[in-house]
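Numbering (the numbering used here), first residue to last: 7 to 567.
C-beta: ideal position from N, C-alpha, C; glycine also.
Everything numeric in this text was worked out from a predicted model, so none of it was measured.
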C-alpha cells in the first residue's frame with residue numbers, strides 16, 4: 007500500500023515539473039479572457055486608446071523622419087553575404103541566388119520597422135522554381151493586423167474571426183521583434199518614446215504660428231479729429247485706408263491726421279518657442295539614435311564628443327543588425343527545411359565594407375610591378391583585411407628563377423616593415439632628399455638585392471641629365487695614404503659611391519673615419535672636418551658625416567654575422 011503511494015507521489019511530481027504553473031490563464035492579471043487576445047501593453051496606446059496606427063502618423067514630423075532614415079541607412083549601407091559554414095556548396099549557392107532575386111533593400115527596411123513599432127510581420131509568398139521551393143517575395147504587413155495570444159503566439163485578426171483572430175502558420179511568415187519579453191511579446195517601440203515629444207513640439211509650433219500671425223505684421227493706427235471720429239463713415243474710410251496701407255504700403259489721409267506704426271518687441275518670445283522646438287528635437291534624436299548633436303554638450307570638446315557618439319551609435323546599429331540577421335536566418339532555415347532537410351545551415355551576415363587605403367595600394371602596386379618584390383600572405387591579411395580562405399597561393403619560382411623573365415635574379419619577399427623601409431628610401435630618392443646611388447646602395451645592403459634589382463626598384467627616381475661643366479674638373483689628389491685593409495677597402499668603395507665628390511673628399515674615407523673616432527660628439531666632428539676642408543659648406547659636412555656613420559654601422563652589422 008505504501009509502495010503504491012510512493013509511486014503515485016513520484017508520478018505527480020514529474021507531472022507538476024512538466025506543466026507550466028505560472029501562466030496567464032492561471033494568473034489574476036488575465037486579460038486574454040476579456041479581449042480574446044493579449045492587448046498591447048504599450049503605455050501610450052493604453053492611455054490614449056489608440057492602435058499602433060497612430061505611431062505611423064508620427065513619421066510626418068520632418069525631424070523624426072530624418073532620424074529614422076539615418077537609423078535605417080546605417081544598416082542599409084552594409085553589404086550582405088551568405089556564410090557557408092559547414093553547409094554544402096550547392097545549398098549555399100542556391101540560397102545566395104534566392105536572396106539576389108529578392109528586393110533586399112525593401113525587405114531589410116521593413117524588418118527594421120520592428121525597431122519603430124516593436125514588431126514587424128512579413129509574409130512569405132512561396133513558389134516552385136528551378137526544382138526548389140523558394141520565396142517569390144517577402145512582404146511586410148501592417149502591425150495593426152496582428153496580435154499575440156495567451157501563449158505569445160502570433161495571431162491574425164481575420165474578418166471572420168475578429169475576436170481572437172486566427173493563429174498564423176509561421177512557415178508562411180517572418181516575425182521580427184525589438185527586445186520582446188514574456189510580459190510584452192509586442193516588443194519595445196521606439197516611436198512610443200517619440201509620441202509626446204512630437205505632440206508637444208506640434209503644440210509649440212501652433213502657438214508660434216499664432217504669434218507670428220498676430221505680431222508679425224505691423225500694427226498701424228491714426229489720430230483723427232473728434233468730428234471725423236464721430237462720423238462713422240469717415241472713421242470707416244480711415245480704417246480702410248489703414249488696412250490698404252498694411253497690404254500695399256500706401257494710403258491717402260486727410261490733412262491733420264497722424265499715422266503711427268506700433269512695433270512689438272517679441273524676440274524673447276521667439277527665442278522661447280525656438281528653444282522649445284530644439285529641445286524636443288533633441289529628445290526625438292535620443293529616442294531613435296540614442297545620441298544627439300554635440301551642441302547639447304556645452305563646453306565639452308566637440309571632436310571628442312562626436313567620437314564618443316559615433317562609437318555609441320555603432321553599438322546601437324550593431325543591435326539592429328542582429329535583428330535583421332536573425333530574421334533572415336529564419337528564412338534560410340525554412341528554405342533549407344523544404345529543400346535540404348537535415349543539412350547544416352549557412353548564415354546570413356551583414357558587414358561594413360572597409361575602404362582600402364588607396365595610397366598604400368598604389369605604393370604596393372609600384373613595388374610589385376618591378377617584379378622583384380612579393381608580399382607575404384600575412385601582409386595582405388594585416389593591411390587589407392583578407393581572411394585565410396580569401397587568398398590562394400600561387401606557384402613560387404624555383405631557385406634562381408625570376409618570375410618576370412628578367413636576368414636580374416629571383417624575386418625578393420619582403421615583410422611589412424621591410425616594405426615600409428624600402429618605400430621610404432625610394433621616396434627620399436624621388437623627392438631629392440637622397441642621391442640615387444645612395445638609395446641603390448642602401449637597398450643592396452639592407453635587403454640583399456643585386457644592383458640590377460635595386461635599380462629596378464628605384465626606377466627612374468633621381469635620374470637627372472648630366473650638366474656640361476664650363477671647365478674640366480680635375481680629379482682631387484688624396485691628402486692621406488694609409489695601408490690597405492679589406493674592411494677599409496670595402497668601406498672606401500661604399501663611401502666613394504655615396505659621398506658626393508666635392509672638395510677633396512673623393513676616396514678619403516679612412517681619414518674621415520679616424521676623425522669621427524677622435525671626436526666626442528657630432529658638433530666636434532663638424533668643426534674638425536670643417537677645419538680640414540674649409541671649402542665645404544656646413545650642410546655638406548653634415549651629410550658626409552651622417553653617411554660615413556651609416557656605412558660603417560651597416561658594414562659592422564654585416565661582419566658581425
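Option in the options with minimal Cα separation from residue i
{"i": "residue 155", "options": "189, 347, 147", "result": "189"}
{"i": "residue 160", "options": "173, 321, 550", "result": "173"}
{"i": "residue 141", "options": "447, 237, 104, 165", "result": "104"}
{"i": "residue 143", "options": "356, 439, 171, 179", "result": "179"}
{"i": "residue 116", "options": "333, 132, 250", "result": "333"}
{"i": "residue 177", "options": "369, 343, 245, 546", "result": "343"}
{"i": "residue 368", "options": "524, 429, 439", "result": "429"}
{"i": "residue 346", "options": "137, 66, 89, 59", "result": "137"}
{"i": "residue 322", "options": "80, 341, 60", "result": "80"}
{"i": "residue 109", "options": "204, 99, 82", "result": "82"}
{"i": "residue 278", "options": "249, 230, 328, 207", "result": "207"}
{"i": "residue 130", "options": "91, 340, 536, 521", "result": "340"}
{"i": "residue 135", "options": "203, 91, 73, 100", "result": "100"}
{"i": "residue 358", "options": "67, 65, 87, 69", "result": "87"}
{"i": "residue 354", "options": "327, 370, 371", "result": "327"}
{"i": "residue 149", "options": "60, 249, 445", "result": "60"}
{"i": "residue 171", "options": "102, 65, 44, 280", "result": "44"}
{"i": "residue 285", "options": "531, 533, 69", "result": "69"}
{"i": "residue 608", "options": "335, 62, 533, 153", "result": "Summary: the structure shown does not reach residue 608, with the chain confined to residues 7 through 567, and so no result is reported for it."}
Residue i - DSSP class collapsed to helix/strand/coil
{"i": "residue 243", "result": "helix"}
{"i": "residue 141", "result": "strand"}
{"i": "residue 405", "result": "At residue 405 the pLDDT is 41, less than 50, meaning the model places this residue with poor confidence; the figure from the coordinates comes in the next sentence. The answer is coil: DSSP assigns residue 405 none of H, G, I, E or B."}
{"i": "residue 512", "result": "Caution is warranted here: a pLDDT of 48 is assigned to residue 512, below 50, making its placement in the model unreliable, and the coordinate value is therefore given only provisionally. Note: residue 512 maps to coil in three-state DSSP."}
{"i": "residue 192", "result": "coil"}
{"i": "residue 521", "result": "helix"}
{"i": "residue 324", "result": "helix"}
{"i": "residue 90", "result": "coil"}
{"i": "residue 28", "result": "coil"}
{"i": "residue 346", "result": "coil"}
{"i": "residue 532", "result": "helix"}
{"i": "residue 130", "result": "strand"}
{"i": "residue 230", "result": "coil"}
{"i": "residue 146", "result": "strand"}
{"i": "residue 356", "result": "strand"}
{"i": "residue 43", "result": "coil"}
{"i": "residue 152", "result": "strand"}
{"i": "residue 125", "result": "strand"}
{"i": "residue 173", "result": "strand"}
{"i": "residue 54", "result": "helix"}
{"i": "residue 383", "result": "helix"}
{"i": "residue 456", "result": "coil"}
{"i": "residue 159", "result": "coil"}
Distance, residue j Cα to residue i Cα
{"i": "residue 27", "j": "residue 158", "result": "16 Å"}
{"i": "residue 211", "j": "residue 290", "result": "16 Å"}
{"i": "residue 386", "j": "residue 393", "result": "9 Å"}
{"i": "residue 53", "j": "residue 93", "result": "50 Å"}
{"i": "residue 163", "j": "residue 217", "result": "46 Å"}
{"i": "residue 46", "j": "residue 389", "result": "51 Å"}
{"i": "residue 288", "j": "residue 383", "result": "48 Å"}
{"i": "residue 240", "j": "residue 215", "result": "34 Å"}
{"i": "residue 219", "j": "residue 213", "result": "10 Å"}
{"i": "residue 119", "j": "residue 85", "result": "19 Å"}
{"i": "residue 356", "j": "residue 122", "result": "20 Å"}
{"i": "residue 292", "j": "residue 209", "result": "20 Å"}
{"i": "residue 549", "j": "residue 433", "result": "18 Å"}
{"i": "residue 325", "j": "residue 112", "result": "19 Å"}
{"i": "residue 462", "j": "residue 438", "result": "18 Å"}
{"i": "residue 235", "j": "residue 56", "result": "57 Å"}
{"i": "residue 200", "j": "residue 381", "result": "54 Å"}
{"i": "residue 228", "j": "residue 243", "result": "12 Å"}
{"i": "residue 76", "j": "residue 203", "result": "19 Å"}
{"i": "residue 198", "j": "residue 50", "result": "6 Å"}
{"i": "residue 435", "j": "residue 370", "result": "17 Å"}
Status (buried if at least 16 other CB within 10 Å, exposed otherwise) for residue i
{"i": "residue 175", "result": "exposed"}
{"i": "residue 97", "result": "buried"}
{"i": "residue 78", "result": "buried"}
{"i": "residue 165", "result": "exposed"}
{"i": "residue 167", "result": "exposed"}
{"i": "residue 71", "result": "exposed"}
{"i": "residue 29", "result": "exposed"}
{"i": "residue 475", "result": "Note that residue 475 scores a pLDDT of 45, beneath 50, so its modelled location is shaky; the value from the coordinates is reported in the next line. Under this definition residue 475 is an exposed residue."}
{"i": "residue 146", "result": "buried"}
{"i": "residue 444", "result": "buried"}
### Message
Taking 8 Å as the cut-off, does the stretch 173-192 touch the stretch 117-136 (at least 3 CB pairs, one atom from each stretch)?
### Response
Because the criterion of three Cβ pairs below 8 Å is met, the stretch 117-136 and the stretch 173-192 touch.
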